[in-house]
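Reviewing the structure listed below.
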Amino acid sequence: MSAPAATAAPTTGATTTYREAMREAIREAMRADERVFLMGEDVGSYGGSFAVSLGLLEEFGPDRIRDTPLSESGFVGAGIGAALNGMRPIVEVMTVNFSLLALDQILNNAASLLHMSGGQFNVPLVIRMTTGAGRQLAAQHSHSLEGWYASIPGLRVLAPATVADARGMLAPALADPDPVLIFEHGSLYNSSGPLPDGPVELERAAVRRAGDAVTIVAYGGCVPKALAAADLLAAEGRSAEVVDLRSLRPLDDATLMASVRRTHRAVVVDEGWRTGSLAAEISARITEQAFFALDAPVERVCTAEVPLPYPRHLEEAALPQPDTIAAAARRTWE
Amino acid sequence: MSLLEERVTATHRRQLLRTMLLIRRFEEVCAELYSATRIRGFLHLYVGEEAVATGVMSTLRPEDAVVSTYREHGHALARGVPVAAIMAEMFGRSTGCSRGRGGSMHLFDAGTRFLGGNAVVAGGIPLAIGLALADRMRGSTTGGSDPVTACFFGDGAVAEGEFHEAMNLAALWRLPVLFCCENNRYAMGTALAKEHAQTDLALRASSYGMTAWAVDGMDVLAVEEAATRATEEVRGGGAPVFLELRTYRFRAHSMYDPDRYRTKDEIAAWRAHDPIPALQERMRAEDQLDDDALADLEKEVADLLAEAVATAEEGPLEPVDELTRFVTSPGGVAADGLA
Ligand SMILES: Cc1ncc(C[n+]2csc(CCOP(=O)(O)OP(=O)(O)O)c2C)c(N)n1
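The listed protein sequences correspond, in order, to chains V and Z. The first sequence begins at 201 in the numbering used here and counts up by one. The second sequence begins at 558 in the numbering used here and counts up by one.
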């Protein structure tokens with residue numbers, strides 16, 4: 201079977217950063233629909249702790265670019281209530297680490313209300329947060345817990361890895377009648393790329409690089425690493441296909457399995473811890489659905505099972521890296 | 558007639574009495590059904606606290622929203638959620654107000670803006686903040702009035718962080734929320750003085766800079782009067798008000814609770830303040846009620862409940878192939894919830 205062309209969103213040709221793309225998406229959503237507002241810690245005058253909302257306060261005012269006290273549970277819950285009552289809130293939580301203080305609201309309310317109420321109350325809420333390591337911020341600012349959220353029925357979980365997705369995912373997320381979590385990897389904000397032309401499809405994984413010798417599955421901050429690993433492998437004459445999940449829940453099994461059936465090998469990259477990770481789920485699905493297409497066991501490259509350490513060499517050693525991904529790919533050919 | 562004048566009329570008091578009786582008898586029926594294993598799950602009864610739900614709800618308007626807890630049969634009934642739909646929910650039938658997916662602890666009803674039924678203690682309080690925030694941000698899209706969100710929770714919830722986060726947000730943003738703290742003196746088996754360093758809960762709420770006061774929660778007329786004042790203040794100024802409704806549950810925390818932490822004397826002393834006979838006595842003294850009228854009322858309630866049980870038990874069970882329905886919305890078009 202021949203490899204597909206890599207999927208790329210149509211672009212306007214302009215180049216921008218991931219941060220600016222996200223800001224532009226928020227600005228556009230707020231201009232388009234007065235029910236949309238942004239709420240979170242320091243989203244106002246400070247401009248957002250990752251400067252995503254810088255300048256929006258001047259344009260939209262403090263009602264719609266709403267600073268909140270340090271009350272993750274309180275303001276995430278308030279976002280749920282506002283969504284229940286006709287608004288379209290975008291709630292920003294500084295990082296996934298702090299979202300644990302709001303986990304009750306996200307799991308027991310946002311994800312459950314529709315079902316618990318027999319279909320009467322849906323929660324059209326978007327929660328954005330950063331995730332991931334790589335900036336020497338130590339354990340309480342570096343974890344990747346999005347895989348945990350991806351196990352919760354009732355939520356949609358997105359992980360934009362490209363500027364195009366940072367720009368294009370918010371509008372369809374706001375149009376979704378149910379709660380959507382968007383995980384922005386902290387190391388991606390300064391990355392740049394072409395701007396897309398219009399919204400992106402939320403449902404499908406994207407083939408970021410076509411190849412026929414192994415499928416490397418990655419998402420978010422690990423996509424650039426997977427592409428770098430594919431470069432290393434290409435230099436050795438092996439062509440790796442890189443699949444960017446984009447949506448962690450629901451997972452696009454069809455694109456994944458089609459790729460594995462073409463390449464007969466799979467490496468799953470995940471910045472979460474290996475035990476009980478999203479990588480474990482994907483590996484299990486490949487085994488369940490494409491076992492007879494496999495020429496080698498599914499390989500996983502995950503974060504070492506430690507709270508993330510501060511020193512650069514230890515942090516780097518704990519995280520998936522291009523060379524560890526490439527090494528895992530090589531094992532599938534042994 | 559003003560609300561205050563209205564409150565002394567026989568018709569109005571009969572309505573209050575009927576609501577309290579409906580709640581009491583509904584729960585007595587539920588306790589029997591539970592012992593007969595015809596309904597299951599957790600069952601938290603509200604017996605003794607009927608004056609609170611009845612008095613507060615009678616001051617609310619259709620456009621107001623109600624956020625409740627796992628001890629919410631009384632709230633739902635007083636709010637006007639159809640009795641048959643609540644009973645069907647107890648039986649887990651698809652005719653239930655949550656299509657059988659919620660049970661006793663998760664009654665929901667969009668028609669009366671009744672938003673549950675939250676079984677995580679204090680978990681509903683932030684939702685109330687958001688409902689009120691949306692009302693504020695949308696302006697008066699509900700016919701020119703200023704909707705209020707009434708939020709019920711117990712004394713136990715006051716110890717949760719979520720309570721304090723929500724109080725701060727409500728006061729900071731001056732949101733139209735009526736906080737109804739049902740202080741029944743116990744969180745499961747933990748007495749008020751064992752759970753709180755400061756047991757004056759209204760005092761604690763007032764430290765957030767909001768109006769707060771304590772009310773005799775065993776007197777439905779007192780509750781109604783306080784709630785009338787409070788909702789007027791909330792609607793007028795938009796700022797939240799906190800009512801500490803001092804009440805007592807006559808029965809155990811749940812059907813599983815052997816009730817070892819209270820003395821019989823204590824329960825008996827509170828039973829002497831049962832809000833239902835108290836209102837009856839008052840109405841009799843003012844020639845608003847006699848034996849015949851009371852018997853009629855009891856019969857009306859009993860018939861309603863008998864019919865609710867009969868139709869509930871015969872109601873259809875949701876087909877198992879509908880199990881994963883309502884996990885996400887069908888169609889992908891956002892319903893506007895309460896809007
Ligand atoms: C967050 C949380 N912790 C513990 C429980 C278990 N629990 C159920 S009811 C209850 C007591 C709550 O007391 P209170 O808020 O005073 O309400 P009441 O039952 O008296 O109406 C507890 C501890 C729970 N449901 N949620």
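Where a beta carbon is used, it is the ideal one built from N, C-alpha and C, also for glycine. Small disclaimer: the values here were computed from a predicted structure and weren't measured.
Local Cβ density within 10 Å of residue i, reported as buried at 16 or more and exposed below that
| i | result |
| --- | --- |
| D425 of chain V | The identity of residue 425 of chain V in the sequence shown is Lys, whereas the question assumes Asp. Result: buried. |
| D470 of chain V | buried |
| M577 of chain Z | buried |
| E346 of chain V | buried |
| V877 of chain Z | exposed |
| D848 of chain Z | exposed |
| L573 of chain Z | buried |
| V678 of chain Z | buried |
| W533 of chain V | exposed |
| A707 of chain Z | buried |
| S764 of chain Z | exposed |
| E220 of chain V | buried |
Neighbour list for residue i in chain V, Cβ cutoff strictly below 9 Å
| i | result |
| --- | --- |
| A723 of chain Z | S271, S273, G274, G277, A278 |
| E632 of chain Z | Checking the sequence, you will find His at residue 632 of chain Z rather than Glu. Within chain V, no residue comes near H632 of chain Z; the closest Cβ sits about 15 Å away, beyond 9 Å. |
| E629 of chain Z | Residues of chain V passing the Cβ test: none, with the nearest at roughly 13 Å. |
| E719 of chain Z | S271, S273, G274, G277, D304, Q305 |
Where residue i meets chain Z, residues with beta-carbon distance less than 8 Å
| i | result |
| --- | --- |
| L314 of chain V | F883, V884, T885, S886 |
| Q320 of chain V | S655, F665, D666, A667 |
| D263 of chain V | M694 |
Within 8 Å, strictly: CB atoms of residue i and residue j
| i | j | result |
| --- | --- | --- |
| D444 of chain V | A405 of chain V | yes |
| R792 of chain Z | D703 of chain Z | yes |
| V363 of chain V | S391 of chain V | yes |
| A361 of chain V | V423 of chain V | yes |
| L664 of chain Z | S651 of chain Z | no |
| M662 of chain Z | F599 of chain Z | yes |
| V380 of chain V | L448 of chain V | no |
| G421 of chain V | H464 of chain V | no |
| I482 of chain V | V501 of chain V | no |
| E739 of chain Z | L802 of chain Z | yes |
| L238 of chain V | S253 of chain V | yes |
| R806 of chain Z | Y603 of chain Z | yes |
Closer than 8 Å at the beta carbon, the chain V residues around residue i
| i | result |
| --- | --- |
| I686 of chain Z | G274, G277, A278, G281 |
| H663 of chain Z | M316, S317 |
| L726 of chain Z | T268, P269, S271, G274, F275, A278 |
| G612 of chain Z | Chain V residues near G612 of chain Z: none, gap ~24 Å exceeds 8 Å. |
| G680 of chain Z | G277, D304, Q305, N308, N309 |
| L729 of chain Z | P269 |
Local conformation of residue i per DSSP, three classes
| i | result |
| --- | --- |
| L664 of chain Z | coil |
| S447 of chain V | strand |
| V442 of chain V | strand |
| D267 of chain V | strand |
| A388 of chain V | The question names Ala, yet the displayed sequence has Leu at residue 388 of chain V. L388 of chain V falls in the helix class under three-state DSSP. |
| T503 of chain V | strand |
| S483 of chain V | helix |
| G261 of chain V | helix |
| F492 of chain V | helix |
| L519 of chain V | coil |
| M812 of chain Z | coil |
| M329 of chain V | strand |
| M230 of chain V | helix |
| D431 of chain V | helix |
| A892 of chain Z | A caution first: A892 of chain Z carries a pLDDT of 44, below 50, which makes its placement in the model unreliable, though a value can still be read off. Looking at A892 of chain Z - three-state DSSP - the assignment turns out to be coil, as it is neither helix nor strand. |
| F275 of chain V | helix |
| A748 of chain Z | strand |
| E534 of chain V | coil |
| M287 of chain V | coil |
| D860 of chain Z | helix |
Chain-ordered neighbours of residue i on chain Z, where CB pairs are closer than 9 Å
| i | result |
| --- | --- |
| P353 of chain V | T881, V884, T885 |
| N297 of chain V | Chain Z residues near N297 of chain V: none, gap ~17 Å exceeds 9 Å. |
Contacts that residue i makes with chain V (C-beta to C-beta distance below 7 Å)
| i | result |
| --- | --- |
| V877 of chain Z | Within chain V, no residue comes near V877 of chain Z; the closest Cβ sits about 15 Å away, beyond 7 Å. |
| V677 of chain Z | D304, N308 |
Next item on the list: Count the C-beta pairs between the stretch 278 to 287 of chain V and the stretch 309 to 325 of chain V that are closer than 8 Å, then say yes if the count reaches three, no if not.
Entry: As far as the Cβ criterion goes, the stretch 278 to 287 of chain V touches the stretch 309 to 325 of chain V, which means the pair count is three or higher.
Note to self: I want to know whether the stretch 706 to 725 of chain Z touches the stretch 677 to 689 of chain Z - three or more CB-CB distances under 8 Å.
What the structure shows: A contact exists between the stretch 706 to 725 of chain Z and the stretch 677 to 689 of chain Z.
Next item on the list: Could you tell me whether the stretch 821 to 836 of chain Z touches the stretch 517 to 525 of chain V, where touching means 3 or more Cβ pairs closer than 8 Å?
Entry: The way I'd put it, the stretch 821 to 836 of chain Z doesn't touch the stretch 517 to 525 of chain V; fewer than three beta-carbon pairs between them come closer than 8 Å.
Notebook entry, point to check: Are the stretch 756 to 768 of chain Z and the stretch 585 to 601 of chain Z touching, with three or more C-beta to C-beta distances below 8 Å?
Noted result: Judged by Cβ distances under 8 Å, the stretch 756 to 768 of chain Z makes no contact with the stretch 585 to 601 of chain Z, as fewer than three pairs qualify.
Notebook entry, point to check: Does the stretch 493 to 510 of chain V come close enough to the stretch 331 to 345 of chain V that 3 or more CB-CB pairs lie under 8 Å?
Noted result: In this structure the stretch 331 to 345 of chain V touches the stretch 493 to 510 of chain V; the number of beta carbon pairs closer than 8 Å is three or more.
Checklist line | At least three beta-carbon pairs within less than 8 Å, the stretch 452 to 461 of chain V to the stretch 479 to 499 of chain V | finding: The stretch 452 to 461 of chain V vs the stretch 479 to 499 of chain V: in contact.
Next item on the list: Measuring from each Cβ to the nearest heavy atom of ligand 2, keep the ones under 7 Å and list them in chain order.
Entry: Ligands in the displayed structure: ligand 1; ligand 2 is not one of them.
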